[in-house]
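Chemist: Residue numbers (the working numbering), protein chains in the order written: chain A, 209 to 475; chain B, 70 to 479.
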């Protein structure tokens, strides 16, 4: 027990360590050798990040909203796709799978360069819907993959047994399939949210500067030689991402807590 | 079931497609009476796309320019932060290809290579700059560094907005004998190994440093003449510059094994005290960095005896701007004495004005001379007296390629 908490602490430290220089830099501190305490601490960067004209808060909400919509669509498309790919005998099975998972290997920007022209003709540029649609490409493969693995590890007989006992199609989905999918899907959901949150180039191209997400605001600072503001934004971004992961993790735990002894036990 | 979905989704696409059949933007008439033009622009929104990586530039707009435009012209300015201007040119190029006639960009901040690309691809609106009262009255439009942008005739397709000039930045505690020529610099570097370096090309400021070496070692008369050079001629002329840079390489930071990959990285090295020099294509940046505590108080700047390169940055209106008249009003206001003076103030931004001082009244000049540029900055007079124009941007590219081949890979 003691040993494991030591390792937990160690892992925690390794995780937190990279944020220390960012935290110092965000307070404008200059850490010159050999001083121990950085000098020139000030709140300039944080004031600028949260000043009303910086639009940081609205960008956070818009980023989260886009990530949420992207994830909902991913689930709606990804679960049936994964079901079909694992349970049905499809023609061109591996071909379809390859196409669905291809965005993992093709850089999103390369694909979006072509999509941009089409979206321009359809009037989808400069809109949130357009941005949501392009975020699907890089994130959907992870949701499909997560759902596929869950389906593969699930005993098909459990579904048949429920069927024999008279469960309808939707009852089977909610009480037999979904409980088994949840842990894997949570991983897919987290990835999908995080991937959407961190998109820069494709958001800029399709949003054309009219859809201001968090990366649109902070990427210019990272390359612009203002490390204080870049660091402050990095921390804000990490905090949003971390809060999201913790929230989903907490949700998963409470789901299991209320379902203790539920039907997933015998699967 | 499947068919229904197909039908529904194709219907959706049709509806979305129908929405996008926008009306063509009206052709902007910049030659109408200025008072009528400002009236027409009242109550409109102007989208300004510009690099968003500097807190001071951003707040100059958010806290000074935007409220003023609102108050004086009833125009609301929407500043869109951009990481790299090339990205918005890609956007415009695609919009042109797709036939999108009302775009989201009303004003963009460009110069140099980006201007050349925009001009070559017809991404700009009709000529407008000379129609702006403040350009006509306060700017010397014939000055070579204003009429030509890195060797490309501006043709009023963009309005001059600010001036950049290269300066060397140094820590006066480490450097007592300031090397104001490349000959002296080579000597200094040999005497103080590891204290100097420059950003690896294609970093823009690193490239400017190399162009100064070219200026002093070879001279730039041949580069600015009307006869464009062939590539192999050019490469031959660059040889002495590569020799110089290779000769000082062993005495650079980390013995020249590696170069800082960007100016931001070099600034970081300077901030940490690892090197004694940095550089900037912005003569007041050093003072601003001292003020915000990043650079040490002993930071000073100097320019080379032969002068330093200077270029103008401009504001342009894209071909499909939705509000070109509003854009013209905003650009004109950005060229007013008040706006240019506020822009010069290091407390706001610290960007050199583009106005011709001989066209200003004594009172107007006073507004500029009263501004404290900070101890690290040189005076505007000194900077102005030692300005040299940039060479054509095609050579800038060739120098970047040549450096990688002849210096980095050596």
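Heads up, the beta-carbon is just placed ideally off N, CA and C, and yes, glycines get one too.
Just so you know, these numbers come straight off a predicted model, no measurement behind them.
#1: With three or more C-beta pairs closer than 8 Å as the rule, is the stretch 94–113 of chain B touching the stretch 385–395 of chain B?
#2: Does any residue of chain A have a CB that is nearer than 8 Å to the CB of residue 234 (chain B)?
#3: For the stretch 410–422 of chain A, list every residue whose C-beta sits within 7 Å of some C-beta in chain B, in sequence order.
#4: Taking 8 Å as the threshold (beta carbon to beta carbon), is residue 329 (chain A) in contact with chain B?
#5: How close, in whole Å, do the beta carbons of residue 175 (chain B) and residue 240 (chain B) come, if the pair is a contact with beta carbons under 8 Å?
#6: So, are the CB atoms of residue 322 (chain B) and residue 251 (chain B) less than 8 Å apart?
#7: Please determine whether the Cβ atom of residue 206 (chain B) lies at a distance below 7 Å from any heavy atom of the ligand ZN.
#8: Taking the alpha carbon of residue 376 (chain B) as the point to measure from, which residue in B:450, B:315, B:445 has its own alpha carbon closest?
#9: With respect to the beta strand (DSSP E) encompassing residue 383 (chain B), which residues constitute its N-terminal and C-terminal limits?
#10: Under a CB-based cut-off of 8 Å, is residue 228 (chain A) close to chain B?
#11: Who are the neighbours of residue 427 (chain A) on chain B, taking C-beta pairs under 9 Å?
#12: Shortest alpha-carbon distance to residue 282 (chain B) belongs to which of B:360, B:253, B:137?
#13: One question on the structure: do residue 171 (chain B) and residue 391 (chain B) come within less than 8 Å of each other, judged by their Cβ atoms?
#14: Does the Cβ of residue 382 (chain A) have 16 or more other Cβ atoms within 10 Å, making it buried, or fewer, making it exposed?
#15: Which term fits residue 214 (chain A), buried or exposed, when burial requires 16 or more other beta carbons within 10 angstroms of its beta carbon?
#16: Note down, in chain order, every chain B residue with its Cβ under 9 Å from the Cβ of residue 250 (chain A).
#17: So is residue 461 (chain A) in contact with chain B if we call contact Cβ pairs under 8 Å?
#18: Closer than 9 Å between beta carbons: that is the criterion. Which residues of the stretch 160–186 of chain B meet it against chain A?
#19: Can you tell me where the beta strand (DSSP E) holding residue 115 (chain B) begins and where it ends?
#20: I'd like to know whether the C-beta atoms of residue 345 (chain A) and residue 318 (chain A) end up nearer to each other than 8 Å.
#21: Roughly how many angstroms separate the alpha carbons of residue 309 (chain A) and residue 409 (chain B), rounded to a whole number?
#22: Applying the 10 Å Cβ sphere with the 16-neighbour rule, what's the burial state of residue 303 (chain A)?
#23: I'd like to know whether the C-beta of residue 325 (chain A) is nearer than 8 Å to at least one C-beta of chain B.
#24: Taking only beta-carbon positions, decide if residue 420 (chain B) is within less than 8 Å of chain A.
#25: Residue 256 (chain A) lies in the alpha helix (DSSP H); which residues open and close that run?
#26: Buried or exposed: which applies to residue 417 (chain B), given that a residue is buried once 16 or more other Cβ atoms fall within 10 Å of its Cβ?
#27: Check residue 388 (chain B) in the structure and name its three-state DSSP category.
#28: I'd like to confirm the pairing. Which residues does DSSP put opposite residue 239 (chain B) in its beta bridges?
#29: Taking 8 Å as the threshold (C-beta atoms), are residue 406 (chain B) and residue 229 (chain B) in contact?
#30: Taking the runs of the alpha helix (DSSP H) that are 4 residues or longer, which of them lie wholly in the stretch 420–460 of chain B?
#31: Does DSSP put residue 341 (chain B) in a helix, in a strand, or in coil?
#32: Going residue by residue through the stretch 164–196 of chain B, where are the continuous beta strand (DSSP E) segments of at least 3 residues, counting only ones entirely within it?
#33: Following the continuous beta strand (DSSP E) through residue 145 (chain B), name the residue where it begins and the one where it ends.
#34: Where does residue 418 (chain B) fall in DSSP's three states?
#35: Does any residue of chain A bring its CB to less than 8 Å from the CB of residue 82 (chain B)?
#36: For chain B, is any of its Cβ atoms less than 8 Å away from the one on residue 286 (chain A)?
Modeler: This is what the structure gives:
#1: As far as the Cβ criterion goes, the stretch 385–395 of chain B touches the stretch 94–113 of chain B, which means the pair count is three or higher.
#2: Cβ-Cβ to chain A under 8 Å: no for residue 234 (chain B).
#3: Correct list: 412, 413, 416, 417, 418.
#4: Yes, because at least one Cβ of chain B sits closer than 8 Å to the Cβ of residue 329 (chain A).
#5: Incorrect: roughly 43 Å between the Cβ atoms, too far for contact.
#6: Note that the C-beta distance between residue 322 (chain B) and residue 251 (chain B) is not below 8 Å.
#7: As for the ligand ZN, it is missing from this structure, which has no ligand bound.
#8: That would be B:450, whose Cα lies nearest to the Cα of residue 376 (chain B).
#9: Start and end: 377–385.
#10: Cβ-Cβ to chain B under 8 Å: no for residue 228 (chain A).
#11: Taking the beta carbon of residue 427 (chain A) as reference, the chain B residues within 9 Å of it are 121, 122, 150, 152, listed in sequence order.
#12: With distances taken between CA atoms, residue 282 (chain B) lies nearest to B:253 out of B:360, B:253, B:137.
#13: With contacts defined by Cβ atoms closer than 8 Å, residue 171 (chain B) and residue 391 (chain B) form a contacting pair.
#14: By the neighbour-count criterion, in which 16 or more other beta carbons inside 10 Å mark a residue as buried, residue 382 (chain A) falls on the exposed side.
#15: Looking at its Cβ environment, which holds fewer than 16 other Cβ atoms inside 10 Å, residue 214 (chain A) is exposed.
#16: Result: 361, 362.
#17: With 8 Å as the cut-off, residue 461 (chain A) does not count as an interface residue toward chain B.
#18: Residues 160, 163, 164, 166, 167, 168, 169, 172, 173, 174.
#19: Note, residue 115 (chain B): beta strand (DSSP E), 114–120.
#20: No, Cβ-Cβ distance for residue 345 (chain A) and residue 318 (chain A) is not below 8 Å.
#21: Taking the straight line joining both Cα atoms gives about 53 Å.
#22: Per the 10 Å Cβ criterion, exposed.
#23: Judged by the 8 Å Cβ criterion, residue 325 (chain A) is in contact with chain B.
#24: Residue 420 (chain B) does not count as touching chain A.
#25: Per DSSP, the unbroken alpha helix (DSSP H) holding residue 256 (chain A) starts and ends at 252–257.
#26: Residue 417 (chain B) is buried by the Cβ-count criterion.
#27: In the three-state reduction of the DSSP assignment, residue 388 (chain B) falls in the coil class.
#28: Beta bridge pairing from DSSP links residue 239 (chain B) with B:346, B:369.
#29: Against a cut-off of 8 Å, the Cβ pair of residue 406 (chain B) and residue 229 (chain B) comes out as no contact.
#30: For the alpha helix (DSSP H) assignment, the uninterrupted runs of no fewer than 4 residues enclosed by the stretch 420–460 of chain B are, from N- to C-terminal side, 431–438, 449–454.
#31: It is coil, neither helix nor strand.
#32: Restricted to the stretch 164–196 of chain B, the beta strand (DSSP E) segments that are unbroken, complete and at least 3 residues in length are 176–179, listed in chain order.
#33: For residue 145 (chain B), the uninterrupted beta strand (DSSP E) run begins and ends at 145–151, by DSSP.
#34: If DSSP states are grouped into helix, strand and coil, residue 418 (chain B) belongs with coil.
#35: Note that residue 82 (chain B) has pLDDT 49, beneath the 50 cutoff, so the model's placement of it is unreliable and no number is given.
#36: Among the residues facing chain B, residue 286 (chain A) is not included, as its CB has no counterpart in that chain under 8 Å away.
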